[in-house]
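Written out below as structure tokens is the structure these notes cover.
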């Protein structure tokens, strides 16, 4: 199972993201509910001429899937996918 159409996630909150799993009753993609906790640290000591995103010094991401229709293994896999997606986006700032 994979996440599709992942929105831009840059703050802590609840997000609903579609998966590639199809609901047999409706024919629609299954939507997974996530609570995403993001903590970042930024430096403001120097480098005022640098864009804000290049001042990031730390990022922590924790994603928890709360979709009851998914198995624990599926939820864990989706959490890992989402965390990796967010970390990959933040990697360009370091």
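Residue numbers (this note's numbering): 160 to 253. All C-beta atoms in this analysis are idealised placements derived from N, C-alpha and C, irrespective of residue type, glycine included.
Going by C-alpha distance, which of the options is nearest residue i?
i           : options          : result
residue 220 : 243, 201 and 202 : 243
residue 250 : 169, 218 and 235 : 218
residue 183 : 169, 228 and 168 : 228
To the nearest angstrom, how far is it from the Cα of residue i to the Cα of residue j?
i           : j           : result
residue 166 : residue 241 : 10 Å
residue 199 : residue 162 : 24 Å
residue 189 : residue 181 : 6 Å
residue 216 : residue 201 : 5 Å
residue 245 : residue 231 : 21 Å
residue 247 : residue 187 : 28 Å
Name, in chain order, the residues that DSSP records as bridge partners for residue i.
i           : result
residue 215 : 201
residue 190 : 177
residue 222 : 195
residue 163 : 177
Considering only residues of the same chain and omitting the five flanking positions on each side of residue i, which have a CB-CB separation below 6 Å?
i           : result
residue 179 : 161 and 163
residue 191 : 176, 178, 224, 226 and 237
residue 196 : 171 and 221
For residue i, which residues in the same chain have their Cβ closer than 8 Å to its Cβ, ignoring the five residues on either side in sequence?
i           : result
residue 193 : 173, 174, 175, 176, 222, 223, 224, 225, 237, 238 and 241
residue 169 : 197
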